[in-house]
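Chains as they are written, first to last, in the working numbering: chain A, 97 to 331; chain B, 97 to 331.
Take a look at the structure below.
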DNA sequence: GAAACCTCATTTGTATGAGTATATAGGCAC
DNA sequence: GTGCCTATATACTCATACAAATGAGGTTTC
């Protein structure tokens, strides 16, 4: 996948971060001293400290002289960080988790689409159209097609003009992609979502904010339904 | 304010991070080598590297052997990180920025309130009530009252039961607090927002999701109006 | 002449050992 | 008990050395 080999400090950060997110290191629990801990991981204190520095920056832990290093309350975790998301979804996709991400998406994306309808430039529109064409050409069964799908949604977020929505774009779409990737593999004949996308595009092109919101809400809802169907009926 | 003295690595991270966010170090621009840069900041290479490790974790920069260290595209910046928010708002509150944060809030909070109405426990409700009483007793002119205000909104986010909304709570409320703090100081007779809060509370208590959404939307809109009025009419 | 390969220099990454700063706990005087 | 002091554990900072990665440019090979 990623061509460059992972560095030691990243590896340790990922390992410890994953332990925290999986609950193996509960909030409030402490770490041993740096020398001891670094030794246990088979790395130098330099590497161990840089790894911890990353986790501190993501809100997972905090450390103070004399008190030691402790896992912070989940309330402080930067859940929308891309690394943290990938650490959470490292093994199997949790159904509860994907439900929550879709719930967020169902709120964010229609609003972003409405804003995009009002503020989009021609350049934004062109990006969306390119993405749609790419989706049609490649199909959603291919990596290329899914990439185009993400590009379409990213273009909408960008067109919203709101930097916070833009910042939300990457983690939300990434999480959705991660939780639905296996869906495409399992589902025999996935529903064709291209018409839904085209309806959103048309609304944004017409600068019809209301229609953009409605069509996007429908798109997300349908995707959500597909997801639930693929993951197996539970409720 | 914060009792503990800031460590060197945090200080350097804050300084450089602020330079990036203020545009003094544009995306794509590179840093000098570690030895040279650390020397310029008057710290050891260890401290400089740990500072950079924090900025990497927040998505502001990236570094690779031989290529050096560069500012990443704003698209990758973790804008909802509490540190980054405080760095952005370090000197004067930008009106465009506060407009965007209110725009996000106007989307997120009504949805959170609706979800809270459906899922809140009695404990959540008690927290909201306590916060309301505290607001009434202390008044929004005091730090204590504003703290209670934040607690009220935080309780709603928690009651939503969605971890992503909970994760959004802290940065959104913090940013709102930062941009509106000076409003309370400047505005001679700020509007009493307590009734708006009580209406939201009543709707959540009744488990009326629709009313919760509507009352919260109203609350945010009114706060937004106040904000625009205080910051001076622009449009 | 083009392509694969190799060498080298530059930059970040890792290791180690020493010393400093800071906050907690416990003792001591009052 | 209350306030102050001291000891100590822990993270923080420093300096130096070496290792690994990578991009550039030259070299061989066909």
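Where a beta carbon is used, it is the ideal one built from N, C-alpha and C, also for glycine.
All of these numbers come straight from a predicted model, not from anything done at the bench.
Per-residue DSSP class, three states only, for residue 139(A): Walking along the first chain from the start, residue 139(A) turns up at place 43. Correct three-state label for residue 139(A): coil.
Chain-order list of residues whose beta-carbon lies under 6 Å from that of residue 159(B) (same chain, five-residue window excluded): Within the second chain, residue 159(B) is the residue found at index 63, counting from 1. Cβ neighbours of residue 159(B) beyond the five flanking positions: 165.
Bridge partner(s) assigned by DSSP for residue 149(B): Within the second chain, numbered from 1, the residue matching residue 149(B) stands at position 53. For residue 149(B), which the question treats as bridged, DSSP gives no partner whatsoever.
Beta-carbon neighbours of residue 154(B), restricted to chain A and to distances below 7 Å: The residue you call residue 154(B) lines up with position 58 of the second chain. Simply 153.
Straight-line gap, residue 299(A) to residue 183(A) (C-alpha atoms, nearest Å): Here residue 299(A) refers to the residue found at position 203 when the first chain is read from its first residue. Here residue 183(A) refers to the residue found at position 87 when the first chain is read from its first residue. When rounded, the distance between both Cα atoms is 37 Å.
Cβ-based contacts, 9 Å cut-off: residues of the region 164-187 of chain A near chain B: 170, 171, 172, 173, 174, 175, 176, 177, 178 and 179
Beta-carbon proximity of residue 206(B) to residue 312(B), cut-off 7 Å: As a position in the second chain, residue 206(B) is number 110, starting the count at 1. As a position in the second chain, residue 312(B) is number 216, starting the count at 1. Cβ atoms of residue 206(B) and residue 312(B): closer than 7 Å.
Presumed contact (8 Å Cβ cut-off) between residue 178(A) and residue 263(A), rounded CB distance: Locating residue 178(A) in the first chain gives position 82, counting from the first residue. Locating residue 263(A) in the first chain gives position 167, counting from the first residue. Contact doesn't hold; Cβ gap of about 11 Å is too wide.
CB of residue 156(B) within 7 Å of CB of residue 173(B), strictly: Looking up residue 156(B) in the second chain gives position 60. Looking up residue 173(B) in the second chain gives position 77. Yes; because the gap between Cβ atoms is below 7 Å, this pair is in contact.
Where the alpha helix (DSSP H) through residue 246(B) begins and ends: As a first step, residue 246(B) must be located in the second chain, where it is residue number 150. Segment 239-256, the alpha helix (DSSP H) holding residue 246(B).
Candidates 126(A), 276(A), 169(A) and 301(A): closest to residue 217(A) by CA position: Here the question's residue 217(A) lines up with position 121 in the first chain. Checking every option, the nearest Cα to that of residue 217(A) belongs to 301(A).
Entirely enclosed alpha helix (DSSP H) segments - the region 165-223 of chain A, minimum 4 residues: 178-184 and 191-215
Touching by the beta-carbon criterion (3+ pairs, under 8 Å), the region 222-236 of chain A and the region 221-238 of chain B: no
Proximity to residue 320(A) [Cα-Cα], best of 243(A), 215(A), 192(A) and 306(A): For this step, residue 320(A) is matched to residue 224 along the first chain. Here the closest residue by C-alpha is 192(A).
Separation of residue 149(A) from residue 146(B), as counted between CA atoms: Sequence index remark: in the second chain, residue 146(B) carries index 50 (1-based). Sequence index remark: in the first chain, residue 149(A) carries index 53 (1-based). Cα to Cα, the separation comes out at about 6 Å.
Residue span of the alpha helix (DSSP H) that contains residue 110(B), given as start and end: Stepping through the second chain from its first residue, residue 110(B) is reached at position 14. That run of the alpha helix (DSSP H) goes 104-117.
Cutoff 7 Å: residue 192(B) Cβ touching any chain A Cβ: The count along the second chain starts at 1 and reaches residue 192(B) at position 96. Taking Cβ atoms only, chain A never reaches closer than 7 Å to residue 192(B), which makes this a no.
Close Cβ partners of residue 258(B) (< 7 Å) along its chain, the five nearest in sequence each way excluded: For the purposes of this step, residue 258(B) is identified with residue 162 of the second chain, where counting begins at 1. Only 211 meet the Cβ criterion.
Where residue 265(A) falls: helix, strand or coil (DSSP): Stepping through the first chain from its first residue, residue 265(A) is reached at position 169. DSSP places residue 265(A) in helix when its eight states are reduced to three.
6 Å Cβ shell around residue 305(B) - same chain, five flanking residues per side excluded: Here residue 305(B) refers to the residue found at position 209 of the second chain. For residue 305(B), where only same-chain residues beyond five positions count, the Cβ hits under 6 Å are 210, 213 and 214.
As assigned by DSSP and simplified to three states, the class of residue 120(B): Residue mapping note: residue 120(B) aligns to position 24 of the second chain, counting from 1. Residue state, collapsed to three classes: coil.
Residue of 270(B), 318(B) and 180(B) minimising C-alpha distance to residue 291(B): For this step, residue 291(B) is matched to residue 195 along the second chain. Selected option, being the one with the closest Cα: 318(B).
Against chain B: residues of the region 196-230 of chain A by CB proximity under 8 Å: 196, 197, 199, 200, 203, 204, 207 and 211
CA nearest to the CA of residue 202(A), picked from 199(B), 121(B), 208(B) and 198(B): Position 106 of the first chain, counted from the start, is the residue given in the question as residue 202(A). Ranking the options by Cα distance to residue 202(A), first place goes to 208(B).
Contacts of residue 248(A) in chain B (Cβ-Cβ under 9 Å): As a position in the first chain, residue 248(A) is number 152, starting the count at 1. Result: empty, since nearest Cβ-Cβ is about 16 Å, beyond 9 Å.
Of the listed residues 246(A), 295(A), 115(A) and 268(A), nearest to residue 176(A) (C-alpha basis): For the purposes of this step, residue 176(A) is identified with residue 80 of the first chain, where counting begins at 1. For residue 176(A), the nearest C-alpha among the options comes from 268(A).
Backbone CA spacing between residue 106(B) and residue 297(B) [nearest angstrom]: In the second chain, residue 106(B) corresponds to position 10, counting from 1. In the second chain, residue 297(B) corresponds to position 201, counting from 1. Those two C-alpha atoms are separated by around 40 Å.
Euclidean distance between Cα positions of residue 195(B) and residue 180(A): For this step, residue 195(B) is matched to residue 99 along the second chain. For this step, residue 180(A) is matched to residue 84 along the first chain. Going by the C-alpha atoms only, they are around 29 Å apart.
Alpha-carbon to alpha-carbon, residue 190(A) and residue 144(A): On the first chain, residue 144(A) is found 48 positions in, with the first residue counted as 1. On the first chain, residue 190(A) is found 94 positions in, with the first residue counted as 1. Using only the alpha carbons, I get a separation of about 30 Å.
Inter-residue CB distance, residue 261(A) and residue 253(A) (contact presumed, cutoff 8 Å): Taking the first chain and counting its residues from 1, the one referred to as residue 261(A) is at position 165. Taking the first chain and counting its residues from 1, the one referred to as residue 253(A) is at position 157. About 5 Å separates the two Cβ atoms, so the contact holds.
Residue 117(B) versus residue 219(A) - alpha carbon distance: To locate residue 117(B), count along the second chain from 1; it is residue 21. To locate residue 219(A), count along the first chain from 1; it is residue 123. Cα to Cα, residue 117(B) sits roughly 25 Å from residue 219(A).
Residue 185(B), buried or exposed, once every other Cβ within 10 Å from all chains shown has been counted against 16: As a working note, residue 185(B) is residue 89 in the second chain. Answer is buried; the Cβ neighbour count reaches 16.
Collapsed DSSP secondary structure at residue 125(B) in the structure displayed: Position 29 of the second chain, counting from 1, holds the residue named residue 125(B). Residue 125(B): coil per DSSP, three-state reduction.
Listed by chain order, chain B residues near residue 158(A) by CB distance under 7 Å: What you label residue 158(A) is simply residue 62 of the first chain in a count that begins at 1. Within chain B, no residue comes near residue 158(A); the closest Cβ sits about 11 Å away, beyond 7 Å.
Which of helix, strand or coil DSSP assigns to residue 100(B): Indexing the second chain from 1 puts residue 100(B) at position 4. Coil.
Residue 309(B) (DSSP reduced to helix, strand or coil): Locating residue 309(B) in the second chain gives position 213, counting from the first residue. The answer is helix: DSSP assigns residue 309(B) an H, G or I state.
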